[in-house]
Amino acid sequence: MTENFDRAPGAGRARIKPTSPGLADVGDGDANSVFNQREPLRQPRTSPPLTEYNTNTSEAIGGESRRPSKPHQVIHNNSTPASKVKRVDSLVNTSILSANAPEFYPSSSPPYEESVSEDGSDGYYTETTLAELVEEFLSHLNSSPGSFENDIEHIANMLNSWVTTEETLQELVELLYTQSTVIPNFSYTGARLCNFLSHNLALSPASGNFRQLLLKRCQTEYEQRDVAVRGDAATQKKFHAYVLFLGELYLRLELKSAKGPPSRAEILLTALRELMNALFSNPVDGNLICAVKLLKLTGSVLEDTWKESRKSDMDQIVQRIENIVLDAQCSRDVKQMLLRLVELRSSNWGRVHAAAAAEATPDNDPNYFMNEPTFYTADGTPFTAADPEYSEKYQEILDREDDYFPEAYEENGNESSFNDEDEMDPEIEEAFEKFCLESERKRRP
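Position 71 (the sequence shown) corresponds to 71 in full-length UniProt numbering; numbering is contiguous.
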């Protein structure tokens, strides 16, 4: 019984043949030899050509393993056959492609074209035009009117280099006129600029110099006055801007003379008179407001000029304004503006001559109390030196200050100084003596 009993581990058991291709068929031999017999390490896998990769893949699917059984087969598959090299050479020799061929554009898209501006330039770096130049320095003067005196010489020199033909001079006149009537509150600076250029632009063609062309442009608008005052709101607004610019031009434009001082353009004086007649012929609010602005701007100069010629045109204008206030169907605010304009004219347009200024009194100078301070009574009512009860109210204020500060102020309002000879309070005097004695004792050694 003991003969058939084998105590060795695994004795009597059947050995299973390995199915893995890496194991050899060893039968009943030593078990350690089974694990020692292995396939050598494979070479690194590389990417084979597409056709060969498909062939290897199909073989791997049908066989027992996905990798080739021998490493040297992979290296052989990576090599390029000579037939393929010949095929590539034949394609190169028979190809019609060329590196110098023109660019290809899809048939669905139009061919590329270089952008060309209207003036013939390439569109990338266009030259500055006269309109852009004028707009640039007008914008600068509008934003910084205080720099006019410093910049006007540079502007005139720049325009002299640009305006070299009759066409550019005409374009400059049109640009300045348009901008002076379009830009709000620019009529004053625009008139000053026109006056300076009228004396400093060198070009003077046969059609006329800068000043003559400017006056012709203003005349074109002047001839449309009767239609403009009855036009729509936009037409009237444009016409009003022209009227105010012409008023500024009359004040600023100087005609130099070799025999005397500069004078104003007489033709503009006549034009302003007719423009006011046109505005009063249709007394709507817009036209009347424009007339008021024009008279506030030029009224004193117009009246002085007419008085020198012994004309009563200003009296006629004031009489017409008074009739409009009584009869016209304008708004209440516009009537108040017209009445204040009449009062302004009655006070010599707010002017005080030098001779009258030395002898100014509350009776002959309406601005006599303009710089006087404003006081307030105890109940908060304001009053000035023009108030009939000014003396009484001012004395009440002084008395009230004396009640609040009886010893701090004198009658003239200055701070009073304390009298050194006044007697000191006995208690303060005693404390002061003690303080002096204590200080003297501390100073002694």
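The C-beta atom is built at its ideal place from N, Cα and C for all residues, glycine as well. Source: prediction; values computed, not measured.
Does DSSP put residue 421 in a helix, in a strand, or in coil?
For residue 421, the predicted model reports a pLDDT of 47, less than 50, meaning its position is unreliable; a value from the coordinates is still stated below. Coil at residue 421, not helix or strand.
Alpha carbon to alpha carbon, how far is residue 131 from residue 109? Give it in angstroms, no decimals.
Residue 109 and residue 131 have their alpha carbons spaced roughly 38 Å apart.
When you compare the region 282–292 with the region 328–342, are there three or more beta-carbon pairs, one atom per stretch, that lie closer than 8 Å?
yes
Look at the alpha carbon of residue 316 and the alpha carbon of residue 171, and state the distance between them as a whole number of angstroms.
Between the C-alpha atoms of residue 316 and residue 171 there is a straight-line separation of about 40 Å.
Supposed close pair residue 160, residue 201 - CB separation, criterion 8 Å:
Confirmed, about 6 Å.
So within the region 301–344, which uninterrupted alpha helix (DSSP H) runs reach at least 4 residues, ignoring any that extend past its ends?
313–327
Under the three-state reduction of DSSP, which class applies to residue 382: helix, strand or coil?
In the three-state reduction of the DSSP assignment, residue 382 falls in the strand class, which pools E and B.
In whole angstroms, give me the CA-to-CA distance for residue 96 and residue 106.
Each residue's Cα considered, the two are about 19 Å apart.
Are the region 271–279 and the region 217–232 touching, with three or more C-beta to C-beta distances below 8 Å?
yes
Starting from the C-beta of residue 236, find all residues in its chain whose C-beta is less than 6 Å away, skip the five residues before and the five after it, and write them out in chain order.
286
For residue 209 and residue 169, what's the separation of their Cα atoms in angstroms?
8 Å
I need the straight-line Cα distance from residue 265 to residue 249, nearest angstrom please.
Cα to Cα, the separation comes out at about 9 Å.
Do you know whose CA, among 283, 270 and 306, lies nearest residue 230's CA?
The candidate whose alpha carbon is nearest that of residue 230 is 283.
Please go through the same chain and pick out, in chain order, the residues whose beta-carbon is closer than 7 Å to the beta-carbon of residue 426, but skip the five residues on each side of it.
There are no such residues.
Hey, how far is the Cα of residue 332 from the Cα of residue 346?
21 Å
Whole angstroms is fine: what's the gap from residue 180's alpha carbon to residue 233's?
19 Å
Below 8 Å CB to CB, which residues in the same chain sit around residue 430 once its five sequence neighbours on both sides are set aside?
none
Are residue 218 and residue 246 closer than 8 Å when you measure CB to CB?
yes
Does the beta-carbon of residue 241 have 16 or more other beta-carbons within 10 angstroms, so that it is buried, or is it exposed?
buried
Select from 309, 343 and 151 the residue whose C-alpha is nearest the C-alpha of residue 319.
343
Measure from the alpha carbon of residue 272 to the alpha carbon of each residue in 262, 84 and 298, then state which is nearest.
298
Rank 261, 350 and 270 by C-alpha distance to the C-alpha of residue 300 and give the top, closest one.
350
Which residue comes first and which comes last in the alpha helix (DSSP H) that contains residue 247?
233–252
Measure the C-alpha to C-alpha separation of residue 355 and residue 267 and round it to an integer number of angstroms.
Here the model assigns residue 355 a pLDDT of 49, short of 50, so the residue's position is not dependable and the matter cannot be decided.
Kindly indicate which three-state DSSP category residue 204 falls into: helix, strand or coil?
coil
Count the other C-beta atoms from every protein chain shown that fall within 10 angstroms of the C-beta of residue 195, then say buried if there are 16 or more, exposed otherwise.
buried
Bridge partners - residue 255, DSSP secondary structure assignment
263
Quick check on DSSP: helix, strand or coil for residue 97?
Residue 97: coil per DSSP, three-state reduction.
Within this structure, are the beta carbons of residue 243 and residue 295 separated by less than 8 Å?
no
Contact defined as beta carbons within less than 8 Å: I believe residue 199 pairs with residue 256. What is the distance between those atoms, to the nearest angstrom?
7 Å
Cβ pair residue 451, residue 142 closer than 8 Å
Coverage of the chain is limited to positions 1 through 445, which leaves residue 451 absent and any answer about it impossible.
Considering only C-alpha positions, which residue in the set 306, 203, 182 and 324 is nearest to residue 292?
324
Quick check: residue 302 and residue 321, are their CB atoms within less than 8 Å of each other?
no
Cutoff 8 Å; reference residue 238; Cβ partners in own chain excluding five residues on either side:
Within the same chain, residue 238 has close Cβ partners 181 and 228.
Span separating the alpha-carbon of residue 211 from that of residue 136:
22 Å
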